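Colleague: After the structure tokens below, expect a handful of questions from me.
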Amino acid sequence: MTEKNILGRINSIADQLPKAEKKIAQFILDKPEEVVNMTASKLGKASDSSAATVIRLCKRVDISSFTQLKVLISREVTQSNPVGYSDITPDEPLEDIMDKLLGNAFQTMQDTVSVIQEQPLLEAVEVMKASSIIYLFGIGASSLVAENIAHKWSRIGKTCISFKDPHALLAAMSSTKKGQVFIGISNSGETKEIVKIMELAKENGSQTIALTQFGKNSLTKKADISLQHVRAQEGAVRSAATSSLHAQFILVDILFYAYASKNYDKIIDQIKYSREQIEHYSS
15 MTEKNILGRI
25 NSIADQLPKA
35 EKKIAQFILD
45 KPEEVVNMTA
55 SKLGKASDSS
65 AATVIRLCKR
75 VDISSFTQLK
85 VLISREVTQS
95 NPVGYSDITP
105 DEPLEDIMDK
115 LLGNAFQTMQ
125 DTVSVIQEQP
135 LLEAVEVMKA
145 SSIIYLFGIG
155 ASSLVAENIA
165 HKWSRIGKTC
175 ISFKDPHALL
185 AAMSSTKKGQ
195 VFIGISNSGE
205 TKEIVKIMEL
215 AKENGSQTIA
225 LTQFGKNSLT
235 KKADISLQHV
245 RAQEGAVRSA
255 ATSSLHAQFI
265 LVDILFYAYA
275 SKNYDKIIDQ
285 IKYSREQIEH
295 YSS
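Using our numbering, you'd call the opening residue of the sequence shown number 15 and step up by one each time.
Shown next, in the form of structure tokens:
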């Protein structure tokens, strides 16, 4: 995991933390400049907790020690502050709306890059490379992510099936094939239908990959491999997922380009061939 944006990582999981760790996380987010001059004991006392709980929080965000955490925080607070997430206001000028949406998209992608773990991502690349067929499932906005994955990997010669109907998906997966892979996509990681299908896929012999937000959730616990993005902050005024889709799509893009880089010559030939077929059809 990259050592960037530690405050974003803490903020991403703050609401999921046990009460004592949540107090420490909130203190860090509210007063990062003070934290860099504290000991673990002082931070524990200031947040009505303990030094041991401070260390547990460090481990939860994959930081080996409180000293390392302070170094990372210090780097961030001495740099210019990020734009952060913004919501629209009544009768706001179009230019301001565009600037805010652009800032939100950038912040989400930056935060997602900061929580990506290299090892599981490379493991997912190898599993997908060796797969005979890839099944994908997501509900709502996550179904768009499933279709995006199916489109990308289909273009490079992989058999991908993305169903919106869970019954059709389960029927297709019931005839087990060697090298069968299931990718379950849920922003929260708690979508009961996705979690249940993940369980059934494992029972049926599929290798399983979860694409979900950073932290421990039901989907990550069930999957063989967990690919995580930032817990995106959505604006109050929205008709559908916005920031969460940016987070999921950038993670998929990183996965795809990592896959392409590992299998470059073969994939370039396949992409050229598929493009030629489309051009031939359109001519």
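We put the CB at the ideal spot given by N, CA and C, even for glycine. Note that the structure is a prediction, hence the values are computed from the model and not measured.
With three or more beta-carbon pairs closer than 8 angstroms as the criterion, would you say the segment 38-49 touches the segment 79-93?
Modeller: Touching, yes.
Colleague: Entirely within the segment 41-118 and at least 4 residues each: give me those alpha helix (DSSP H) ranges in chain order.
Modeller: Runs of the alpha helix (DSSP H) inside the segment 41-118: 46-49, 54-60, 65-74 and 80-92.
Colleague: Sorted by chain position, which residues of the same chain lie with C-beta nearer than 7 angstroms to residue 34's C-beta, five sequence neighbours on each side aside?
Modeller: Excluding residues within five positions, the ones whose Cβ falls inside 7 angstroms are 63 and 67.
Colleague: Starting from the Cα of residue 65, find the closest Cα among 52, 294 and 75 and give me that residue.
Modeller: Residue 52 is the option with its Cα nearest to residue 65.
Colleague: Run through DSSP, which three-state label would residue 226 get?
Modeller: Looking at residue 226 - three-state DSSP - the assignment turns out to be strand.
Colleague: Going by CA-CA distance only, name the one from 170, 196 and 276 that's closest to residue 180.
Modeller: Checked all of 170, 196 and 276; the closest Cα to residue 180 is 196.
Colleague: Restricting to Cα atoms, I'd like to know which of 157, 156 and 187 is closest to residue 213.
Modeller: Here the closest residue by C-alpha is 187.
Colleague: Expressed to the nearest angstrom, what Euclidean distance is found between the alpha-carbon atoms of residue 263 and residue 294?
Modeller: Cα to Cα, residue 263 sits roughly 30 angstroms from residue 294.
Colleague: Determine which residues share a DSSP beta bridge with residue 176 and list them.
Modeller: Note: residue 176 sits in a beta bridge opposite 150.
Colleague: Whose C-alpha, out of 269, 134, 101 and 226, is nearest the C-alpha of residue 152?
Modeller: Among 269, 134, 101 and 226, the Cα nearest to that of residue 152 belongs to 226.
Colleague: With burial defined as no fewer than 16 other Cβ atoms inside 10 Å of the residue's Cβ, what is the status of residue 120: buried or exposed?
Modeller: Exposed: under 16 other Cβ atoms inside 10 Å.
Colleague: Classify residue 105 as buried or exposed, calling it buried when 16 or more other Cβ atoms lie within 10 Å of its own Cβ.
Modeller: By the 10 Å Cβ count, residue 105 comes out exposed.
Colleague: Are the beta-carbon atoms of residue 24 and residue 141 separated by less than 8 angstroms?
Modeller: Cβ atoms of residue 24 and residue 141: not closer than 8 angstroms.
Colleague: Can you give me the Cβ contacts of residue 204 inside the same chain, cut-off strictly under 8 angstroms, excluding the 5 residues immediately before and after it?
Modeller: Around residue 204: 231, 232 and 233.
Colleague: Can you tell me which of the three DSSP states residue 131 falls into?
Modeller: Coil at residue 131, not helix or strand.
Colleague: Assign residue 125 to one of two classes, buried (16 or more other C-beta atoms within 10 Å of its C-beta) or exposed (fewer than that).
Modeller: So residue 125 counts as buried.
Colleague: Answer yes or no: do residue 220 and residue 156 have a C-beta to C-beta separation smaller than 8 angstroms?
Modeller: For residue 220 and residue 156, no; Cβs fall outside 8 angstroms.
Colleague: What did DSSP end up calling residue 22 once you bin it into helix, strand or coil?
Modeller: Reduced to three states, the DSSP call for residue 22 is helix.
Colleague: According to DSSP, what are the bridge partners of residue 336?
Modeller: Residue 336 falls outside the range modelled here, since the chain spans only 15 to 297, and no answer is possible.
Colleague: Between which residues of its own chain and residue 285 is the CB-CB distance below 8 angstroms, once the five residues before and five after are set aside?
Modeller: Contacts found: 169 and 170.
Colleague: Measuring only the C-alpha atoms, how far is residue 280 from residue 235?
Modeller: Cα to Cα, residue 280 sits roughly 34 angstroms from residue 235.
Colleague: How would you write the range of the alpha helix (DSSP H) that residue 242 sits in, first residue to last?
Modeller: Counting along the chain, residue 242 falls outside any alpha helix (DSSP H), though it belongs to the beta strand (DSSP E) covering 239-243.
Colleague: Taking the C-alpha atoms as reference points, what is the distance between residue 103 and residue 288?
Modeller: Rounded to whole angstroms, residue 103 to residue 288 spans 45 angstroms at the Cα level.
Colleague: Pull up the distance between the alpha-carbon of residue 209 and that of residue 244, whole angstroms please.
Modeller: When rounded, the distance between both Cα atoms is 19 angstroms.
Colleague: Measuring CA to CA, which of 32, 110 and 159 is closest to residue 298?
Modeller: The structure shown has nothing for residue 298, since the chain only spans 15 to 297.
Colleague: For residue 32, tell me which candidate among 70, 21 and 60 has the shortest Cα-Cα distance.
Modeller: The residue with the shortest Cα to Cα distance from residue 32 is 70.
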